[in-house]
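See structure below.
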Amino acid sequence: MTTTCSACGWPLHELPATSTHHTSQGLLHYRRCVCGTWQVLLDDHPLAAPTPATPPSPAP
Ligand SMILES: [Zn+2]
2 MTTTCSACGW
12 PLHELPATST
22 HHTSQGLLHY
32 RRCVCGTWQV
42 LLDDHPLAAP
52 TPATPPSPAP
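Residue numbers (my numbering): 2 to 61.
Okay, structure coming up:
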């Protein structure tokens with residue numbers, strides 16, 4: 002599986018790991034994409050994208 006930036010599609014594996022943290026869930030990596038977007042990966046799996054400011058309202 003190729004992990005790419007959700008904003009520009011740049012392969013995250015080519016980005017240097019800016020910060021790495023050991024957590025109870027695994028290795029947490031922070032990488033900064035060439036487009037300026039921060040990418041957070043847990044054991045090389047991207048975490049969920051930031052939630053939208055306003056969730057979609059359910060249809061009546
Ligand atoms: Zn990007």
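Positions of the beta carbon are idealized from the N, C-alpha and C atoms, including for glycine. All of these numbers come straight from a predicted model, not from anything done at the bench.
Who sits around ligand 1, taking every residue whose Cβ is closer than 5 Å to one of its heavy atoms? Near ligand 1, meaning a beta-carbon closer than 5 Å to one of its heavy atoms, we find Cys-6, Ala-8, Cys-9, Trp-11, Cys-34, Cys-36, Thr-38.
Determine, using beta carbons only, whether Thr-3 and Pro-17 come nearer to each other than 8 Å. By the CB criterion at 8 Å, Thr-3 and Pro-17 fall outside the cutoff.
Would Cys-36 be called buried (16 or more neighbouring beta carbons within 10 Å of its own) or exposed? Cys-36 should be labelled exposed.
May I ask you to report which of helix, strand or coil DSSP gives Leu-16? In the displayed model, Leu-16 falls within coil according to three-state DSSP, outside both helix and strand.
Would you tell me roughly how many angstroms separate the C-alpha atoms of His-46 and His-22, rounded to the nearest one? Each residue's CA atom was taken as its position, placing His-46 and His-22 some 14 Å apart.
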